[in-house]
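Beneath this line is the structure, given in structure tokens, with notes to follow.
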Amino acid sequence: MTARVLIVDDVPANLKLLDAKLSAEYFEVLQAASGPEALEIASRELPDIVLLDVMMPGMDGFEVCRRLRADLQTQHIPVIMVTALDQQSDRVQGLEAGADDFLTKPVNDVALFARVKSLVRLKMLMDELRMREATSQRIGLVDTGDGDGPFCDIKGHVLLLDDRELSCRRVAETLAEQHQVAVLGQPDRLVQVVQDGRYDLIIISLSLQEVDGLRLCSQLKSLDATRNTPVLVLVEEGDTPRLVRALEIGVNDYLVRPLDRSELQARVKTQLRHKRYQDQLRQTVQESLEAAVTDPLTGLYNRRYMTHHLGTLIQQYNESAKPVSLLVLDIDYFKPVNDTHGHAVGDDVLKEFARRMQANVRGIDLACRMGGEEFVVIMPDTDVGFAYSIAERLRQQIADRAFAAAQGALELKITVSIGVASTVGIADTAEALLERADQALYRAKREGRNRVVAEAA
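In this note's numbering, the protein residues as written are 2 to 458.
In structure tokens:
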């Protein structure tokens, strides 16, 4: 994996050394010798990650990190602080400033490269989600977000797995001050416990006696329910090979024993913030997908989705010979409703019509709005006779009870005409089926409306 890395250090020799190491790993390297220069380059070049020294004259690394996080253009760029400072308070200060990691010199190259690659992978995923969100907003599929970004505070539901009783109790008590903490006493039940996706963060010791902690991490990252749940591991000091392997597997963060209370809280808070932001982005993408295939007024699938779905069913029919039936529905005399009472009343009628449709078709059937007052119901594994009976039941449900509109101020008599068609022969097509159902609908209209007509045998 390659990436554009911005290294920031006021010592030229440090810049040169780190540049050589990163270039040897095929990273593209940018350099800055001061805080202001780093901010300018980051804003202009938008690197994939920043390796930031803390001790710099004028503007230190903590302030640079805070400013990166405050800028909408750069707030999503991962930051690793690399410094000679080795006090826990310094690490916590860096994490609180928005850093994703805080590494003390001399840095183990293998661990550094593994951490860089891990954070770059996460950034690429986030970039893709943000790009989709931006596209959805530009074309009006979703609203603009609330703007709280990835660094808002959040309380989470944390699952802890550590077989060291004293350590486990201290971690649980520390986190319980702000979060809901569940302790798992049986490691072999982990996969079962996390299936419902309730946890926002999973903490696992890599020093478990009965099971391989790395294997548990691997399982979590392979399950649909937990693939996107952040995992934080507890690792022994000096156990670099196991830490590197954990990062390669996809572990999001780590803590080195002996654990510091403040650092634990800071890293957990960072992961929960990231989790919430990712969830927001994924929700936006999901909403945009739904908006692309859903009619906004009625909530039914739109013509685009109907066309693709019907094509898929016809293809399956040609392979399995299971019949597919189609209902095409058109509300009778709908234009006078709009002309007489206004479009708001017409919208009320359309929404109530859609509700009655959904209430009177089966779970396997697909109800769609083609546009205007025309609707379609796709019925898999259904012959024309059974489809006709469902259409007749639906017609009666529309005609027998008046439609309330204008918040109950109006009651309107509404009827519907329905055309029914079913697949015939293995060479049938979606276009031909839809055309036959349309012809049946036209017959229903010509013969007086408020009726169901099936295609001619």
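Cβ coordinates follow ideal geometry from the N, Cα and C atoms, glycine included.
Query: Beta-carbon separation (whole angstroms), Leu161 vs Val182, contact threshold 8 Å; Result: 6 Å
Query: Run of the beta strand (DSSP E) containing Gly186, from where it starts to where it stops; Result: Counting along the chain, Gly186 falls outside any beta strand (DSSP E), and DSSP gives it neither H nor E.
Query: Cutoff 6 Å; reference Phe376; Cβ partners in own chain excluding five residues on either side; Result: Leu330 and Arg370
Query: Delimiting residues of the alpha helix (DSSP H) encompassing His158; Result: Run containing His158: none in the alpha helix (DSSP H); it sits in the beta strand (DSSP E), His158 to Leu162.
Query: Cβ neighbour criterion (16 or more within 10 Å) applied to Asp110; Result: exposed
Query: Of the residues Gly186, Arg447, Asp382 and Asp20, the one placed nearest Glu501, counting alpha carbons only; Result: The first residue shown for the chain is 2 and the last is 458, placing residue 501 beyond what the model contains.
Query: Val55 beta carbon near the ligand PLP (any heavy atom closer than 7 Å); Result: Summarising the ligand content, the structure contains no ligands, and the ligand PLP is consequently not present.
Query: Under the three-state DSSP convention, the category Ala458 falls into; Result: Below a pLDDT of 50, predicted positions are generally treated as unreliable, and Ala458, at 47, falls in that range; the measurement from the model is reported next regardless. If DSSP states are grouped into helix, strand and coil, Ala458 belongs with coil.
Query: Given Gly409 as reference, the closest of Asp225, Glu249, Ala33 and Asp349 once Cα atoms are compared; Result: Asp349
Query: Cβ separation of Pro48 and Leu7, assumed to be a contact under 8 Å, to the nearest whole Å; Result: 4 Å
Query: Coarse secondary structure for Thr313, derived from DSSP in three states; Result: helix
Query: Residue environment, Asp474, which counts as buried when at least 16 other CB atoms sit within 10 Å; Result: Lying outside 2 to 458, the shown extent of the chain, residue 474 is not represented and no answer is given.
Query: For Gln74, the nearest candidate out of Phe103, Pro58 and Arg131 (CA to CA); Result: Arg131
Query: Identified DSSP bridge partners for Tyr255; Result: Val234
Query: Buried versus exposed call for Lys323 [16 or more other C-beta atoms within 10 Å across all chains shown]; Result: exposed
Query: Cut-off 6 Å between Cβ atoms - residues of its own chain near Leu481, not counting five sequence neighbours on either side; Result: This structure gives no information on residue 481, because the portion of the chain shown stretches from 2 to 458.
Query: Segment contact, 8 Å Cβ cut-off, at least three pairs: the stretch 53-69 with the stretch 9-28; Result: yes
Query: Bridge partner(s) assigned by DSSP for Cys369; Result: Tyr302 and Val377
Query: Residue closest to Val121, alpha-carbon to alpha-carbon, out of Asp101, Asp91 and Pro337; Result: Asp101
Query: Rounded C-alpha distance that separates Phe114 from Gln179; Result: 33 Å
Query: Per-residue DSSP class, three states only, for Asp429; Result: coil
Query: Local Cβ density within 10 Å of Asp197, reported as buried at 16 or more and exposed below that; Result: exposed
Query: CB contact below 8 Å: Ala112 versus chain B; Result: This model lacks chain B altogether; it includes just one protein chain.
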